[in-house]
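Numbering (the numbering used here), first residue to last: 5 to 377. Report on one structure; see the data block that follows.
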Ligand SMILES: [Zn+2]
């Protein structure tokens, strides 16, 4: 882990904005020292991480509140890379205040945002620009220390400059779901000729998928579980929104819109009931993208149906560096506007996680380190 190393001397010379001052030795963080869930998250004073030769130290301005943090803190899945105390936080944005000795592509004072999944940088997939599929993928805040703290050290290859005119909060809000959704849409080959069915279209990945698919010119049929969520999806400009709780047998409603069926079905949670119904809506040769399974993971699949319908099922996860950069470009020119729900100080992070668990949020919650806790 990067924070086990002594600080690089160069990390002590810059603070990013005109002033030159030594870095403190400790920092405020929200962290867990035992696994078990959100109740374990508490304020801690931790050492400011040192930087390895290929790493940068970032003074964190903002970081997003993501469902993945809840999974990581729960300890539900084996995670041999995790070291306690652990700082969650996938998508910090801030200012570069320290450079490892081998870093040549970043500058002190640069405004940057972190791409959460980090490819190894050397395998065939990483070299081919398909680092989303790197077998050695490690995520900030999951396999290594995250950004729910005043400082975070990350490899320079996971750091992108924030375009002018884009704020820290916006950059954090767009750094996780949008590049993941864009990487999936590219892998599936979505074009303006496609009609997508997106259950969970008001969710994080579902909402990002919906916005990006429309930017690609595709048509989206959103499916959601409440009238409030239907309104949120309509606010994204989506014409067709189906309430799957009010209409559990929703396939005829989709067929009424597209009689031949949808060409792409994007599944973000893999609820077995929604899955079975949604498969009735797909066209011959449709592509089914599976990008989450927290409501599954086991579903029914009739392989007779699969081959006769010539359907492809494609598993997608993570984001490529190319799609991350493309997302930042869309933020800069105003095509993408991530919805921001709550902005809270570091000490109130748990409040935002609870709101996420309650499913009464609309958009991304952000921790702003400049707010007094
Ligand atoms: Zn790799």
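Beta carbons: idealized from backbone N, C-alpha and C, even for Gly.
- Between the C-alpha atoms of residue 279 and residue 150 there is a straight-line separation of about 33 Å.
- Excluding its 5 nearest sequence neighbours in each direction, residue 164 has C-beta neighbours in its own chain below 7 Å: 116, 117, 119, 328, 329 and 332, listed in chain order.
- Non-local beta-carbon contacts of residue 234 in its own chain, meaning distances under 7 Å to residues more than five positions away in sequence, involve 228, 245 and 247 in chain order.
- Taking the CA atoms as reference points, residue 207 sits about 34 Å from residue 110.
- As a beta-bridge residue in DSSP terms, residue 316 pairs with 291.
- Counting along the chain, the unbroken alpha helix (DSSP H) around residue 256 starts and ends at 255-261.
- For the set 304, 53, 289 and 323, the Cα lying nearest the Cα of residue 198 is the one of 289.
- Counting other Cβ atoms within 10 Å of its Cβ, residue 180 reaches 16 or more and is therefore classed as buried.
- Counting C-beta atoms within 10 angstroms of its own C-beta, residue 305 has fewer than 16 neighbours from the protein chains shown and is therefore classed as exposed.
- As a beta-bridge residue in DSSP terms, residue 225 pairs with 201 and 244.
- Buried is the label assigned to residue 273, since at least 16 other Cβ atoms lie within 10 Å of its Cβ.
- In the DSSP assignment, residue 173 falls within the alpha helix (DSSP H) that extends over 172-178.
- Within the stretch 111-147, the complete alpha helix (DSSP H) segments at least 4 residues long are 128-131, listed from N- to C-terminus.
- Excluding the 5 residues flanking it on each side, residue 137 has same chain C-beta neighbours closer than 6 Å at 129, in chain order.
- Residue 169 and residue 337 have their C-alpha atoms some 9 Å from each other.
- Residue 97: member of the beta strand (DSSP E) spanning 97-103, first to last residue.
- Contact between the stretch 144-160 and the stretch 90-109 is present: 3 or more CB-CB pairs across the two stretches fall below 8 Å.
- Proximity of the stretch 366-374 to the stretch 68-75 meets the contact definition, three or more beta-carbon pairs being nearer than 8 Å.
- Excluding the 5 residues flanking it on each side, residue 97 has same chain C-beta neighbours closer than 6 Å at 65, 66, 117, 172, 175 and 176, in chain order.
- The continuous stretches of beta strand (DSSP E) do not include residue 214, which lies in the alpha helix (DSSP H) extending over residues 208-219.
- In this structure, DSSP gives residue 266 an extended state, which the three-state scheme calls strand.
- Annotated three-state conformation of residue 370 is strand, per DSSP.
- Restricting attention to 343, 63, 266 and 58, the CA atom closest to the CA of residue 99 is found in 63.
- Counting only the Cα atoms, residue 34 lies some 26 Å from residue 123.
- Distances taken from the Cβ of residue 130 to the heavy atoms of ligand 1 include one shorter than 7 Å.
- Burial check for residue 200: the Cβ neighbour count within 10 Å reaches 16 or more, so the residue is buried.
- For residue 68, the three-state secondary structure derived from DSSP is strand.
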